[in-house]
Structures are given as C-alpha cells and as structure tokens.
Amino acid sequence: MKNLSPHHYALLFTALLAQLPLFQSSYHEYQDALSKSILFFEGQRSGYLPQDQRVTWRANSGLSDGWTYNTDLTGGYYDAGDNVKFGFPMAFTTTMLAWSVDEFGDLMPPNELRNSLVAIRWATDYLLKTVSQPNRIFVQSGELGLSCTDLFGPHKSSPGEILGLTRLRFHLLALPLRVGDPNADHICWERPEDMDTPRIVYAVDAPNPASDVAGETAAALAASSMAFRSSDPGYAETLLRNAINAFQFADSYRGAYSDNSNIKDGACPFYCDFDGYQDELLWGAAWLRRASYDDTYLSFLQNNGETLGADENINEFGWDNKHAGLNVLVSKEVLEGNLYSLQSYKESADRFMCTLIPESSSSHVEYTPGGLIYKPGGSNLQHATTISFLLLAYANYLERTSQSVNCGNVNVGPYSLRQQAKRQVDYILGDNPLGLSYMVGYSDHYPQRIHHRGSSLPSVKDHPDLIACKEGSIYCNSSNPNPNVHVGAIVGGPSEDDSYEDSRDDFRKSEPTTYINAPFVGVLAYFAANPSFS
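Residue numbering for the sequence shown is -25 to -1, 1 to 509, as defined by mature numbering (1 follows the signal peptide of the UniProt record, and there is no 0).
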C-alpha cells in the first residue's frame, strides 16, 4: 500500500468526521441546568404572582378562576404552552417534583432545594383548593396547544390528530375537574394576563367517579407531605390528611373521570384517561403507604395488585400511565424493607429495567440514531425525562442493598442504569446530532420559537394594551424568535430520526410541558452532585 502523506491523512480524517453526527462536548453544567429547570415553573404560574417572582415577563392571571362555584381556584400551573389548568397532569407534575425532592433533595444546593419546595407549594396550595369541598373534585382547563396553522389557517386538527399530543387536563375531590371552556379557549393565541374566554369550572361530585384524578392528587399530596416534613411539619400534616381524603374518594367511586358525561367533551381528547384508572389507585396507595407507614395501604397494595393490573408489562411512565413508576416506587419497600409480599412489584420493575438496556435480550425500547429514547406521539421528551428518573431512583435502591438486576444474558447494576440515564440527560442538553439543547436558555444553541403563548407574545410590561384572542395570530405565525425567553423550558423534542425544526407551528415538538420538566429536576440534582460520572 502506498504511504499517505500527512496532507492525505488530514483529508481522510476530515472525510471520516463528516460521516459522524455532530455532538457537542460531553461536559455539562448540570447545576446550571438544574437551576433553570426549576425556574421554568415560575413562567407557568397562574394567579397572583409574588413580589419575589423571578420570571418578570409574566404577571397576574386567572384571578376569577372558581367564581362560578363561588370558590377560590386561583393559582396552580398552566400545563404547557396554553392557558389551561388541568388537574390530572398538574397533580402528576406535583408528584414528580415532590419525588425529586424526596429522592434527591439531599443532593441539591440549599437554594435550589428551597426553590424546589416553592415550586411544589405553588401546586399543592392549588390542589388543596380542588379537594376543599366534601365529595367533589375540581378539574380546571383553558387553551390547548394547537399549532398556529390549526388556530388561524385553513386546516383544522381532527380529534385523532390532537390525540397524538398525548396530553389531557383536570382537577379533583368532590373534584372540580377544570376551569374554563377548553374548546373556546384553545382557539385563541393570547397572553394568560389577557384571557377573555370563559373560565368554566368542571367538577365531579360523588357518587360519580374520578379515581384517576383523585388517585393522582392523593399521590401528589402524600409525596409532597414528605418533602415538607422537616421544613414545615404543620403543612406536611395538612397535605397528608387531604391525601387520605382524596384517596378515599378515588377508591369509593371507582371509574375514570373522563367517562362522566358532563366532563367528557371538555377533557377529551386533550387529557382523557386513555389507560384506565386502576394504576392511579395503586399509585395513590403506594405514596400513602410511603408517607404514612399505614399498613392499610400496604394491604391495599398486597390485595389489589393483580386485580388492578400492577403486573401488566406496560413500559411507560407519564401523566396517564403510572405502571413503571408504581413498580419502582414499591420496589423500595422490597429492597430496603424486605417486604417480600410485594415481590411481584419488584419483578415487574426488574423487567422494565431490562427493556431499557440495549445489551439485554429483552430490550425493546426504541432509540433514535443519536441515542434518545423514542416513543411515537407528541412531546416525546416526557418519556426520556420520566424514564431517566426511574433509572436513577432504581439505581439508588439497588446500590443501597448491593443488588443488581438479572436480564438473562446480562447482569445490570446501578452503574449501568445511571449510564443509561446520563445518555438521555446529555442528549437533551446538547449531546445530539444537531448539537442543540432542548432546554431553552441552556447553552448558546436552543429552540427560539417554542409553542408557548406567554413566551411568544410581548410581555404586558412591554405592551400593556390588551392583545385580544385573534389579535395574537401575527405573533403565532411570525418567524421571529419569541420575545420572552422561557428559561428552563424543555420542549417536546426531536423526531425519531433526530431531526428538529425550530417552528412554533409544530407543537408536538416545540411545546414545553410541566410534566416534562418535573422529573428532570431530580435527574439533574443527581448529576449536579455527581458531575464527573461517566
């Protein structure tokens, strides 16, 4: 073979590099990302904003919420890029924020632990209002994340297309399920501060069912009671007491909230219960067992696991499907508490972990060419953040008990699980073929045109005059970057081929949600405390 000159070697190396995806350096400022992931929630706030509000392009909004029921339903979070408050995803968001503190709070810098607790309390104060009336639960809603074309162009989304979002909304406990007419509210592109669409309150009254929303609210309040136990024991007790009541509602009146005739048209197809209410009953019981140590909930888990489908091999975890999270959560009692009567939950958790390991013979989770966990539908990064959280939590439980998972042809320990989680985190922060951070405001290269009303419209401080419902169309359809940078927002994410178009119109990819960010808080807390993990 003819010897190549240094010049030819350089050309050959350049040609080889051209065939590889462009990845950024694997070094990341995880603590900076943690701070920004928590800050995001201040941009999603509804209600009266406090004097120490750090996201200054936002102002008070939704101040009349609840008036049709003569009750105060102000506060809480808008779930995504719209102006709607749905109890189901908000409760799940709260559960994951609280679990982040419960599991990883001791790794957080003191100021970020405080900020995390503030973010949790903004949600729990609201959730307490939704369960404040006996035998009723409130589910509140507003604008849905349709594309600009859908809102103002010739094409209108069909229910089937909207279902691709995999998003829904509501509230609980003699449960006011939602405030606002989502069908009227979602045709507008306006700031939350300017909302002029009906803020109708939807409620589920006993004996009508709302096991899903009530069960998730019970989980959220129970998990949050643990987060506040040391800093505010009185508030923690209030949360736990209301969690018990919420679970009683969920268990006593079994069924899906979206099956109620007065709720269905408003909840569906946005935040319907697609996967059944049974998992939320087990999920709520699991959190109440962990928060209260009450054997009543242990018996519930022991006696109802099989009938309520705890062992179903559903490899998903999110606002509508709690199976994987439930099994990981309950496994803590098996691994650390030697409660072998719950062994079936651990076996299901083990099987789930094996599906995530590419080297395992049982691996069947889909990955993009760049290495991102991918599931069809909208807001794909919700899967990457929730699964990363479960990987890290399970790694903790295994490490504390010096155990591993037998995946047939490979034995998987805590290190391998953390490696899988880190790949997802680093992909989201920029180690991907586009070199793009999917967290807004992190690094110099991130989405500029996210599908978010408040971010894409001028701030009320810069444009104090009303921007009415249809007047926002010029901003929705604009190709300009959003005027308000929604720092910390994690968008829906790329396609299955790692492609991403920075387009406000493509809400499935460009819209942030609270339930994408919430589990990422705990994930980032771990890596901020262990930045050299590789």
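Built from N, CA and C at the ideal position, the CB exists for glycine as well.
Treat the numbers as computed from the prediction; the structure is a model and nothing was measured.
- Under the three-state reduction of DSSP, residue 89 is assigned to helix.
- Residues 211 of the same chain have their beta carbon placed closer than 6 Å to that of residue 204, with the five preceding and five following residues left out of the count.
- The residues 69, 73, 95, 99 and 214, in chain order, have a CB closer than 7 Å to that of residue 199 in the same chain once the five nearest residues on each side in sequence are set aside.
- Assignment of residue 326 by DSSP, reduced to helix, strand and coil, places it in the helix class.
- In the DSSP annotation of this structure, residue 501 is not part of any beta strand (DSSP E); the continuous alpha helix (DSSP H) holding it starts and ends at 489 to 504.
- Residue range 62 to 79 is occupied by the alpha helix (DSSP H) that includes residue 77.
- Ranked by Cα distance from residue 451, the first of 41, 164, 305 and 235 is 164.
- A distance of 9 Å or more separates the beta carbons of residue 400 and residue 221.
- In chain order, 302, 303 and 306 place their CB closer than 6 Å to the CB of residue 324, counting only its own chain and leaving out the 5 sequence neighbours on each side.
- Residue 238 sits away from residue 93, with the two beta carbons spaced by 9 Å or more.
- Per the Cβ contact rule, the stretch 416 to 423 is not in contact with the stretch 388 to 399 (fewer than 3 Cβ pairs under 8 Å).
- Collapsing the DSSP output to three states places residue 114 in a strand.
- Going by C-alpha positions, residue 90 is about 7 Å away from residue 13.
- For residue 508, the number of other beta carbons within 10 angstroms of its own is below 16, and it is reported as exposed.
- Collapsing the DSSP output to three states places residue 457 in coil.
- Residue 29 sits exposed, since fewer than 16 C-beta atoms from the chains shown fall within 10 Å of its C-beta.
- Within 10 angstroms of the beta-carbon of residue 177 lie 16 or more other beta-carbons, which makes it buried.
- Straight across, the Cα-Cα distance linking residue 58 with residue 175 is about 13 Å.
- Secondary structure note for residue 269: it is in no beta strand (DSSP E), with a DSSP letter that is neither H nor E.
- In this structure, the alpha-carbon of residue 85 lies about 44 Å from that of residue 183.
- Here residue 82 is actually not in contact with residue 493; their C-beta atoms are around 17 Å apart, not less than 8 Å.
- For the set 3, 36 and 9, the Cα lying nearest the Cα of residue 87 is the one of 9.
- The secondary-structure analysis by DSSP pairs residue 36 across a beta bridge with 22.
- Note that the C-beta distance between residue 319 and residue 255 is not below 9 Å.
- Here residue 402 is buried: its Cβ has 16 or more other Cβ atoms, across all protein chains shown, within 10 Å.
- Here DSSP, grouped into helix, strand and coil, assigns residue 228 to coil.
- For residue 180, the enclosing beta strand (DSSP E) covers residues 176 to 180.
- In the three-state reduction of the DSSP assignment, residue 201 falls in the helix class, which pools H, G and I.
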